[in-house]
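Asker: In this note's numbering, the protein residues as written are 241 to 280.
Structure (structure tokens):
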């Protein structure tokens with residue numbers, strides 16, 4: 241595998257990971273908010 245192809249694939253992976261992280265952070269925030277409301 242050439243470094244160029246590897247770089248291209250890794251960059252695509254990073255994009256997918258960042259997208260997943262954004263959705264994960266959103267769900268986490270909503271989850272924490274729900275827990276805070278339930279504890280009160």
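Backbone N, C-alpha and C define an ideal beta-carbon position, used for all residues, glycine too.
Because the structure is a prediction, the values reported are computed rather than measured.
Could you give the residue range of the alpha helix (DSSP H) that holds residue 279?
Answerer: Numbered from 1 along the chain shown, position 39 holds the residue referred to as residue 279. First-last of the alpha helix (DSSP H) with residue 279: 243-279.
Asker: In whole angstroms, what is the alpha-carbon distance linking residue 249 and residue 243?
Answerer: Within the chain shown, the letter at position 9 stands for residue 249. Within the chain shown, the letter at position 3 stands for residue 243. Distance between the alpha carbons of residue 249 and residue 243 is about 10 angstroms.
Asker: Measure the C-alpha to C-alpha separation of residue 255 and residue 262 and round it to an integer number of angstroms.
Answerer: For the purposes of this step, residue 255 is taken as the residue at position 15 of the chain shown. For the purposes of this step, residue 262 is taken as the residue at position 22 of the chain shown. Looking at the two C-alpha atoms, the distance is approximately 11 angstroms.
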